[in-house]
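This report refers to the structure that appears directly beneath it.
Numbering (the working numbering), first residue to last: 1322 to 1493.
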């Protein structure tokens, strides 16, 4: 187990969620840590219906506007239907990407969800979709860790992953 002094020396650990920081603290081989700066409720599929529900239902009820109340209730139903989608999507999202001496780990609330070993890393790919840039650490078997845009300090993560693995980043 890392002592408190060594724990603080791991770049990025101070920005991690509690569960992820505990996992990092329990490992001796961590080189760098990058937290996900978003939360499950930041998902537009959740927030837009919630805001609409509140913006239409509250004034509709206060002022007796049936159309606003009805539309607000409709958005409330959409919100309830979207909750499971957002919840399950979030459970597969990395809350931290941790670089170790032997590979990269994708953590979700402290649990390792994916691992790519440097010895198996085939490519570091840059993927752009509709202006949204993300990176992938892809191993020989096609398994990968996605580095989404909400991960902290992506340029440093990609650079350090390249140094540790010897694989140069690529992509358009």
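Every residue gets a Cβ at the ideal spot worked out from N, C-alpha and C, and that includes glycine.
Exercise for the section: Could you tell me which residues DSSP puts in a beta bridge with residue 1465? Expected result: 1459
Handout entry: Run of the alpha helix (DSSP H) containing residue 1412, from where it starts to where it stops
Key = 1387-1412
Exercise for the section: Pick helix, strand or coil for residue 1379, following the three-state DSSP scheme. Expected result: helix
Practice task
Give a yes or no on contact between the segment 1418-1432 and the segment 1474-1491, applying the rule of three or more CB pairs nearer than 8 angstroms.
Solution key: yes
Problem - Three-state class that DSSP yields for residue 1449 in the structure shown - result: strand
Exercise for the section: Would you decide whether residue 1341 is buried or exposed? Buried here means 16 or more other CB atoms lie within 10 Å of its CB. Expected result: buried
Problem - Continuous alpha helix (DSSP H) stretch holding residue 1344: start and end - result: 1339-1346
Practice task
State the Cα-Cα distance for the pair residue 1471 and residue 1358, rounded to the nearest angstrom.
Solution key: 5 angstroms
Practice task
Starting from residue 1482, trace the alpha helix (DSSP H) both ways and give me its first and last residue.
Solution key: 1475-1486
Practice task
Kindly confirm or deny that the segment 1352-1367 and the segment 1407-1419 touch, where touching means at least three C-beta pairs closer than 8 angstroms.
Solution key: yes
Practice task
Within its chain, find whatever has a CB closer than 7 angstroms to the CB of residue 1337; leave out the 5 residues flanking it on each side and keep chain order.
Solution key: 1345, 1354, 1356, 1417
Exercise for the section: Might you give, ordered along the chain, the residues of its own chain that have their beta carbon closer than 8 angstroms to the beta carbon of residue 1464, omitting 5 neighbours on each side? Expected result: 1435, 1437
Problem - Residue from 1491, 1386, 1477 with nearest C-alpha to residue 1352 - result: 1477
Practice task
Assign residue 1325 to one of three DSSP states: helix, strand, or coil.
Solution key: With a pLDDT of 47 at residue 1325, under the threshold of 50, the predicted position of this residue should be treated as unreliable, and no value is reported.
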